[in-house]
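One structure below.
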Amino acid sequence: MNNKATKALSSCIYLLAVGSIAAGTVSCKGHLFNKEAVISGVIRNLDDKQLLLLQEESDSADTISVKADGTFRYRFAVEGPSGTYLLYIPETSTPVYLYVRKGARIRIRFDANEPGQPPTLRGNVANECEIVRRMNEAFSGDDPEEIARMSFPEYRKKLMDEYTAVVKLLKKVKDRKFAESALKELTARRDYNLYCYRASYKLYVAPEGDVEDAMFWDFARNIDLNDIANARSGLTELVLVWDMQSAHIERSDLNVLKELARRVSNQEVLDCLSGECMYSALLNETAVESLEETYALFTRICRDTATLQDMEQAYESKITAIRKFGPGKELLDLEMEDRNGTKVNLSSLKGKVRYVDVGASGGGPCRYEMQFLEELAQRYEGDDRLEIVSLSIDTDREAWLQTAMPDRPGWKQYLATPQSRQVLEEEYSITAIPRFMLFDGHNRIIDIHAPSPSDEEEIDRMLQEWLGPDGNSTAKRQP
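The letter at position 377 of the sequence shown is residue 560 when you use this note's numbering, and the numbering goes up by one with no holes.
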């Protein structure tokens, strides 16, 4: 797997925020000039004429087309507060961090033949973009094993040097509101990374022990778990989790909620982190009883009305899905059409483990995952125990045919019928794509929220767990 690409994609979630952002749109008609942002530039020697624009705190991504001469121009309305975007160049796995506000004008120059050279940015927010880039690259997390080889004073000096360099850049920014917000986030991210020293030490130096350096504990004792900036940076949860590990408390969303209720009093922090814990439980929990207990505690901790309403709906859907689509349950069949129009049922592929990719031809996230799906198909090429199924929910058959990958042994392209699209949405609760599902060789569910192909380590682990030594895929039996 391309680690650089994975790290870049993770950055769209890990982006160091300087405020929230509004979703961009391709059309700018009807919006005032000062509400628009424009991203333009030239990218030389680019074969794949597509860029992805990812938005912080959003699962969506826009696709930007690059012309034959390498130029591109993208205008969109900024309705909400200023914030960060990630422009991603898939061909070279290059992330370009952007700070966007109303009236922002950003021009980018890059040569795809020189991927080691960072893109150059010009425009009226160029300084802010450079600060966001430095904040992300300097504080995106070092290799834990590398951290463990340092003493805490050495590691602290390294981070403080990077911190000081960004602070100097902030002093040059005229937008003081941006500078104040960025400094607060920068400090929280610095402290998060400093605390990561404990995790690295326990992982690689003393699994049954703990950090012995007094300087670390002087720092750790002064961490304010009631500071919302620490909650948003992930520091509060990091402290809770590693304190739980040292106390031999099982790590689970339920136990994190218990520690949160015991040690935090700021309701804003409680609302923020209890919502994150509940969201994690909804994604990962497969036992009804455990999920019910977690949800009951969450509703006692959280007081934010919008979060409670959102989680209530998601919880009810998840409980229904577990009872109907939990591991070991019979798959709900899907009718598909191949590129020749021949109808095939998913259940007819019985005898093989099936990894199903549900997507569409025009989506940025779907396009991003496709490169990793192709790598997955190459890794398992010739393995008759596995069938990879790309199932498009496109309503335009011709558009699907133009963009569908070629069929190959072990990986086929299909189009969902109208009835199957309805089943996917209403029964499998697919409201966002891409979605990946895994079924065993006996038409039973393994996971309808399987790891994505870009998560190479996790999907390979799961596939190896379920691929049997024979063609019937019986390595692991369903409960």
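The beta-carbon is built from N, C-alpha and C at its ideal position, and this holds for glycine as well.
Does the distance from the C-beta atom of residue i to that of residue j stay below 8 Å?
i	j	result
I226	V261	no
V424	R415	no
F481	M398	no
Y380	I330	yes
S383	P302	no
A543	I576	yes
L235	Y551	yes
A244	P548	yes
V221	R288	yes
T600	M519	yes
L440	S457	yes
D566	G524	no
L574	V539	yes
S530	N405	no
L408	V356	no
L474	S603	no
L229	E274	yes
L353	L342	no
L514	I628	yes
V308	I291	no
F259	E219	yes
L443	I484	yes
R522	L569	no
V452	R506	no
A582	Q596	no
Use the C-beta contact count for residue i: other C-beta atoms within 10 angstroms, 16 or more gives buried, fewer gives exposed.
i	result
A464	buried
G224	buried
D454	buried
L269	buried
E391	exposed
K212	Since pLDDT at K212 reaches only 36, below the 50 mark, its modelled position is unreliable, and the value read off the structure follows with that caveat. Per the 10 Å Cβ criterion, exposed.
T578	exposed
G266	buried
D401	exposed
Q605	exposed
L466	exposed
P589	exposed
F216	With a pLDDT of only 46 at F216, under the threshold of 50, the placement of this residue in the model should not be trusted; the figure read from the coordinates follows. The residue in question, F216, is exposed, as its Cβ has fewer than 16 Cβ neighbours within 10 Å.
S635	buried
T419	buried
N528	exposed
T488	exposed
A188	In this prediction, A188 scores a pLDDT of 38, lower than 50, which makes its location untrustworthy; the coordinate-derived value is nonetheless stated afterwards. The residue is buried, with at least 16 neighbouring Cβ atoms inside 10 Å.
V422	buried
T347	exposed
By alpha-carbon positions, which one of the options ends up nearest to residue i?
i	options	result
G509	A633, V447 and V606	A633
K385	S364, D426 and E345	D426
Q561	I613, E639 and N228	E639
N319	R373, R618 and L304	R373
A412	L237, T370 and I502	T370
W495	K507, I484, Y478 and R506	For the record, residue 495 in the displayed sequence is Glu; it is not Trp. The candidate whose alpha carbon is nearest that of E495 is Y478.
F619	S500, I631, S612 and N310	I631
E345	K355, L377 and V356	L377
S612	V541, L646, E570 and D579	V541
D643	L559, N296 and K507	L559
L650	N310, E368, L621 and S635	L621
D231	D294, R284, D623 and V452	D294
Q450	R486, M461, E420 and D436	R486
P264	R258, T469 and K285	K285
E237	E219, T254 and I272	Position check: residue 237 holds Leu in this sequence, whereas Glu was assumed. It is I272.
I251	Y257, Q233, I571 and R258	It should be noted that the sequence gives Ala, not Ile, for residue 251. It is Q233.
Y498	D396, T419 and E468	E468
V388	R332, N310 and D436	R332
L607	L646, E564, D623 and A504	A504
K512	D396, D623 and I432	D623
V283	G324, T246, V350 and E239	E239
Pull the bridge partners of residue i from the DSSP assignment, please.
i	result
A220	F259
D540	S573 and F619
S248	Q233
T277	I272
Q596	S573
I484	For I484, which the question treats as bridged, DSSP gives no partner whatsoever.
N528	E518
Y380	In the DSSP output, where bridge partners are listed per residue, Y380 has none listed.
I406	DSSP, once it has assigned bridges, lists no residue as partnering I406.
V283	G266
Consider the C-beta atom of residue i and the heavy atoms of the ligand ZN; say whether any pair is separated by less than 7 Å.
i	result
S637	This structure simply doesn't include the ligand ZN, nor any ligand for that matter.
Original post:
Is the stretch 309 to 324 touching the stretch 350 to 361 in the sense that three or more CB pairs, one from each, lie closer than 8 Å?
Top reply: The count of Cβ pairs closer than 8 Å, one atom from the stretch 350 to 361 and one from the stretch 309 to 324, reaches three, so the stretches are in contact.
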